[in-house]
Amino acid sequence: NAGVTQTPKFQVLKTGQSMTLQCAQDMNHEYMSWYRQDPGMGLRLIHYSVGAGITDQGEVPNGYNVSRSTTEDFPLRLLSAAPSQTSVYFCASRGQSHQPQHFGDGTRLSIL
Amino acid sequence: KQEVTQIPAALSVPEGENLVLNCSFTDSAIYNLQWFRQDPGKGLTSLLLIQSSQREQTSGRLNASLDKSSGRSTLYIAASQPGDSATYLCAARTAYNQGGKLIFGQGTELSVKP
Chain P
3 NAGVTQTPKF
13 QVLKTGQSMT
23 LQCAQDMNHE
33 YMSWYRQDPG
43 MGLRLIHYSV
53 GAGITDQGEV
63 PNGYNVSRST
73 TEDFPLRLLS
83 AAPSQTSVYF
93 CASRGQSHQP
103 QHFGDGTRLS
113 IL
Chain Z
367 KQEVTQIPAA
377 LSVPEGENLV
387 LNCSFTDSAI
397 YNLQWFRQDP
407 GKGLTSLLLI
417 QSSQREQTSG
427 RLNASLDKSS
437 GRSTLYIAAS
447 QPGDSATYLC
457 AARTAYNQGG
467 KLIFGQGTEL
477 SVKP
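Same order as they appear, the protein sequences are chains P and Z. If you read the first sequence in the working numbering, its first letter stands for residue 3, the second for the next number, and so on. If you read the second sequence in the working numbering, its first letter stands for residue 367, the second for the next number, and so on.
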């Protein structure tokens with residue numbers, strides 16, 4: 003019963019490096035999203051997808067790209083890492099519109 | 367713009383006490399409201415989801431209520447235990463924007479002392 007799986011759990015990058023945060027769900031959920039959690043700012047939506055091939059921007063999309071080639075996977079790409087992107091990143095998914103959102107365990111990312 | 371507020375930011379109670387956590391939202395046009403628990407260094411665990419047409423939901427020792435007219439939701443925890451210590455987050459899903467974006471409160475950090 004995996005639910006939402008995020009990898010890696012921890013990552014340290016240098017400024018300017020790029021990387022991809024992976025997110026996979028095995029519940030056949032159409033809706034998936036990425037949030038970042040920062041002290042004093044709470045959780046904020048980065049990007050979301052309502053189905054394979056469909057993505058859209060959230061509240062804080064700058065510096066991040068997403069794609070949704072399959073229902074199961076929703077990777078988040080940092081194009082050129084900046085210290086301001088140091089955060090904890092959570093992926094979430096949801097089935098039908100009235101159902102709850104399920105979150106992964108997060109990726110803790112530090113940019114030096 | 368929807369804003370969600372949780373007061374207090376931190377709460378400490380002795381074991382066995384019944385307690386209420388508060389969540390306020392500014393826009394009554396919500397689709398549903400979800401309560402989560404977050405343990406230190408961990409992800410969010412969904413506790414209860416209340417649809418806009420519902421007044422309350424119950425799961426074990428937890429009861430969540432929703433009053434759209436006053437812009438409030440409460441999470442009631444009965445007979446608290448040290449294992450209930452965690453940060454509790456409420457999140458409102460507004461009916462009309464961004465495919466179901468959740469607006470989160472800042473959370474209430476609960477400590478239950480043995």
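By construction, the Cβ of each residue, glycine as well, lies at the ideal position given by its N, Cα and C atoms.
{"query": "Coarse secondary structure for D28/P, derived from DSSP in three states", "result": "coil"}
{"query": "Exposure label - F12/P; buried when at least 16 CB within 10 Å", "result": "exposed"}
{"query": "G53/P in three-state terms, based on DSSP", "result": "strand"}
{"query": "C-beta contact flag for G108/P and T7/P at 8 Å", "result": "no"}
{"query": "Same chain, Cβ closer than 8 Å to E422/Z, neighbours up to 5 away in sequence not counted", "result": "I416, N429, A430, S431 and L432"}
{"query": "C-alpha distance - R46/P paired with E381/Z, whole-angstrom precision", "result": "33 Å"}
{"query": "Neighbour list for N398/Z in chain P, Cβ cutoff strictly below 8 Å", "result": "H100"}
{"query": "Inter-residue CB distance, F391/Z and A458/Z (contact presumed, cutoff 8 Å)", "result": "5 Å"}
{"query": "CB contact below 8 Å: R96/P versus chain Z", "result": "yes"}
{"query": "Selection of the segment 46-62 of chain P by Cβ proximity to chain Z, strictly under 7 Å", "result": "L47, Y50, V52, D58 and G60"}
{"query": "Proximity test, Cβ basis, 8 Å: Y33/P and chain Z", "result": "yes"}
{"query": "Chain-ordered residues of the segment 469-480 of chain Z with a beta carbon less than 8 Å from chain P", "result": "F470, G471, Q472 and G473"}
{"query": "Cutoff 6 Å; reference T442/Z; Cβ partners in own chain excluding five residues on either side", "result": "Inspection of the sequence shows that residue 442/Z is occupied by Tyr rather than by Thr. Counting only Cβ-Cβ distances below 6 Å, and skipping sequence neighbours, we find V386 and N429."}
{"query": "Sub-8 Å separation of L476/Z and D450/Z beta-carbons", "result": "yes"}
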